[in-house]
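Numbering (the numbering used here), first residue to last: 1 to 441. See structure below.
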Ligand code: FAD
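Dropping the structure here:
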C-alpha cells in the first residue's frame, strides 16, 4: 500500500489533499483532551494524509482509491467530538467532510443537507424561513450535522425535542467503503444503527432532518442561594408545558466563576435558560417562588448575536472550567428524576471534589436529567472509583474517558453492528478499533 498517496495525488484535485505536518496534526485531533486519560492514550495518533472532498464525485473517487489500496479511513466532520471518535487510531487517511457543507433544501418541516453542514448554519437558514433545527450540540457554531448524528447525543433543544434517537433524522444517504462505493438511502428505524456509532458502519453523505416552527427565545441567567432551589426550579420549568424552551441548564456554586463573560456571583447556583419570550411571566413566577435572582435578561432580538448563554452549557461548561484550570475534567451521567438529590448527596459525601452540573432534557418523550459533573482529576483509580459509584447508585455513566464505542452506541448490540460493518465495510477499513472485536466483548 506504499504508493497510495501517489495514487491519490494522481487522480484527485490537489485542493482536496493535505500532508504537511501541521495539517496532519490538526486534522488528527478532536476534543478528547478534555480527558486526561484519552490525552495520554491518544497522544501520538496521526493520519498520513488528509482527504477533503468537496462533492459526491470527489468523495466516491477518494473512497475507491482508498479501498483499492486498503488504506484505513477515519471520517471527520469538524473534530469537536470528546472521545477521540475522529482520531485515526491506525494511521492512514482522515476523510474530512467539512467541505461538503451545503444546505441543499429547506422545505416545510425539513431540511436536506450535506454531512459537513454546520448545525449553526442550518439553524440560521431554517430561522430565516420561520423554522428552526430541533436539537443542536452547544458546539453548533462549528459542529457538523454528520458528526452530531454519528458522535453526539443531544443538547440545545433536547428539553423539548429529545435526542438524536427521537425522530430528528428522517432520512440518510449512506456510502459503503468499496471501489466504487455503493450508495443507498435509509429512513425510519433503519437509521438507528448509524446513530452515535462513531461512523464505524458507513459514511453518511446526505441527510434529511426534521425542522420545527421558529420560536423567539429570550436568554436568562438566574441565580439561587442554594443548589436545591436551583435544581427544583429547573425541574419545575422543565415540567411546565405551557412554556416553550430550548435550554434548561443548572450549575452548582462555584461553577459560575468559570463563566467570566456572564459576570455571575461565584457563591450562588446558576440557571442558564433559553425560553420563548411569551413565557416570560410564567418563568419569572417560577424563579420568584424559589427566590431566584435575575442576573441577565436578553431579549429575543439579540438571539444568536454575539456570545449567548448556551455557550456556557452542556460540554461548554467543561470547556470554560478547563480554560481556568486544566486539572479539571468531567463525567456524563443520567440521574433519576425521583432520586436525583439522594444521588448527588451520596456522591458529594464520598467524592467532595465533584461539582454538579445538570442539563434537563427529554428522551423518548420522558423528562430526564443529564449530569455533566466537573471534578479535579487525581488518578485513573479515583476517576474509575467515581464512575463505578455513579453506576452502583443507579445513575449510569457514559464514560467520556474511553474511545471504545460502549454498548454498541445505545442503538444496537455490538454483534449487530459487526454484521452491518462487514456488509458496508468488507475490508474493515473504516474508523478502525472504535468498535471492539467480538473476542473482546
Ligand atoms: P467529529 O468530531 O468530526 O466526528 C464525530 C464522530 O462522527 C467521529 O466518530 C466521526 O468519525 C463520525 N463522523 C463524522 N462525520 C461522519 C459522517 N458523515 N459519516 C459517518 N461518520 C461520521 N455533543 C453533544 O451531543 N451535545 C453537546 O451539547 C455537546 N457539547 C459539546 C461542547 C464542547 C465544548 C465540545 C468540545 C464538544 C461537545 N459535544 C457535544 C461533542 C461534539 O461537539 C458534538 O457531538 C458534535 O456534534 C460533533 O460534530 P463534529 O462535526 O465535530 O464531529
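We put the CB at the ideal spot given by N, CA and C, even for glycine.
Own chain, CB closer than 6 angstroms to residue i, minus 5 neighbours either side, in chain order
i: residue 246; result: 156, 157, 217, 274
i: residue 408; result: At residue 408, the pLDDT of 48 sits below 50, so the modelled position is not reliable; the number obtained from the coordinates is stated separately. So the list reads 414, 417, once near-sequence residues are dropped.
i: residue 317; result: 357
i: residue 293; result: 223
i: residue 18; result: 50
i: residue 127; result: 214
i: residue 3; result: none
i: residue 5; result: 49
i: residue 109; result: 211
For residue i, the first and last residue of its enclosing beta strand (DSSP E)
i: residue 93; result: 93-96
i: residue 218; result: 217-224
i: residue 335; result: 333-335
i: residue 249; result: 245-251
i: residue 376; result: 374-376
Residue i vs residue j beta-carbon contact at 9 angstroms
i: residue 106; j: residue 170; result: no
i: residue 177; j: residue 8; result: no
i: residue 119; j: residue 172; result: no
i: residue 38; j: residue 403; result: yes
i: residue 412; j: residue 214; result: no
i: residue 179; j: residue 13; result: no
i: residue 237; j: residue 248; result: yes
i: residue 199; j: residue 75; result: yes
i: residue 133; j: residue 111; result: yes
i: residue 175; j: residue 204; result: yes
i: residue 351; j: residue 389; result: yes
i: residue 269; j: residue 335; result: no
7 angstroms Cβ shell around residue i - same chain, five flanking residues per side excluded
i: residue 337; result: 367, 369
i: residue 329; result: 34, 35, 36, 375, 377
i: residue 44; result: none
i: residue 346; result: 393
i: residue 291; result: 224, 225, 229
i: residue 142; result: 78, 80, 118
i: residue 401; result: 35, 37, 38, 383
i: residue 28; result: 45, 46, 47, 87, 88, 94
i: residue 308; result: 219
i: residue 116; result: 77, 97, 98, 99, 100, 101, 144, 146
i: residue 310; result: 138, 156, 247, 274
Cutoff 8 angstroms; reference residue i; Cβ partners in own chain excluding five residues on either side
i: residue 135; result: 154, 155, 156, 157, 158, 161, 162, 163, 164, 168
i: residue 436; result: 404, 405, 414
i: residue 55; result: 100
i: residue 121; result: 101, 103
i: residue 58; result: 12, 13, 16
Run of the alpha helix (DSSP H) containing residue i, from where it starts to where it stops
i: residue 148; result: 145-151
i: residue 106; result: From DSSP, residue 106 is part of no alpha helix (DSSP H) but of the beta strand (DSSP E) over 103-107.
i: residue 382; result: 380-392
i: residue 273; result: From DSSP, residue 273 is part of no alpha helix (DSSP H) but of the beta strand (DSSP E) over 269-276.
Which residues DSSP lists as bridging residue i, in chain order
i: residue 17; result: 51
i: residue 208; result: 112, 171
i: residue 360; result: 369
i: residue 160; result: Per DSSP, none; premise fails for residue 160.
i: residue 180; result: Beta-bridge pairing links residue 180 to no other residue.
i: residue 131; result: 213
i: residue 329; result: 375
Chain B within 9 angstroms of residue i, Cβ atoms only
i: residue 341; result: Note that chain B does not occur in the displayed structure, where there is just one protein chain.
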